[in-house]
Each structure stands twice: as structure tokens, then as C-alpha cells.
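See below for the structure under consideration.
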Amino acid sequence: MKSLIYTLIAMFLLFLGLQQMSLSTNTAQNVFIMSWLALALFVVGGNLVHYLYRNKKGIKRSKVQNVQRIKQKKKQNMTLH
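Now the structure itself:
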């Protein structure tokens, strides 16, 4: 949930920053603007990737743990009989 909040904050800051930028300036400012935009997009993209793929890892871990528990119970039942 935190990554979604961070993504929304980053997108809001990106929106505010884009309003202040103009590409009709000199070359040094254009390079700074483009690099700033690239880094901002990496932040937004990274947070979205984390938000989208975090649940699948948790589900896989819980499935593996469930399978391990079932195997342990079967071993215990076999040794008891």
C-alpha cells in the first residue's frame, strides 16, 4: 500500500514540476529538465512495479509454506501408523 501512496505523491510532484518547466530555454536547462523527467519516471515506474508484483510473491510464499506443512503432516502421520 505504501508504494501506491508513494507513486501518487511522485505523480503529483511530477505534475507540479511539469507546469513550471519550459523547453524554450537554453541547452543546459533542457538537459537538466530531461534528466529530471527521466528520473521522475523511473521513480513512478519503480513504485508501480513494486505495487503490482508484491502480492504475487506473497502468494507464492504462502503456497510453498502450505505445501511444506502438508508434507510434514503426511510424514508425521506415516511415522505414527
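Oh and the sequence shown: position 13 is 12 in numbering that gives the first Met the number 0, straight run, nothing missing. Virtual Cβ for every residue (Gly too), placed ideally from N, Cα, C.
One question on the structure: do residue i and residue j come within less than 8 Å of each other, judged by their Cβ atoms?
{"i": "valine 88", "j": "leucine 3", "result": "The structure shown does not extend to residue 88, since the chain is modelled only from 0 to 80, so the question has no answer here."}
{"i": "alanine 82", "j": "asparagine 46", "result": "In the structure displayed, the chain extends from 0 to 80; residue 82 sits before or after that span and is not available."}
Measuring only the C-alpha atoms, how far is residue i from residue j?
{"i": "asparagine 29", "j": "tryptophan 35", "result": "10 Å"}
{"i": "asparagine 76", "j": "glutamine 67", "result": "14 Å"}
{"i": "glutamine 19", "j": "leucine 38", "result": "17 Å"}
{"i": "threonine 24", "j": "serine 61", "result": "54 Å"}
{"i": "valine 63", "j": "lysine 70", "result": "11 Å"}
Considering only the alpha carbon of each residue, which of the options lies closest to residue i?
{"i": "threonine 6", "options": "Ala27, Val48, Gln19", "result": "Val48"}
{"i": "lysine 1", "options": "Lys74, Val63, Leu51, Lys73", "result": "Leu51"}
{"i": "leucine 17", "options": "Gln71, Leu40, Ala27, Asn25", "result": "Leu40"}
Which residues in the same chain have their Cβ closer than 8 Å to the Cβ of residue i, if we skip the five residues on either side of it in sequence?
{"i": "leucine 22", "result": "Asn29, Ile32"}
Kindly say whether residue i, judged by its beta-carbon, lies nearer than 8 Å to any beta-carbon of chain B.
{"i": "threonine 6", "result": "Reference to chain B is not applicable here, since this structure consists of a single protein chain."}
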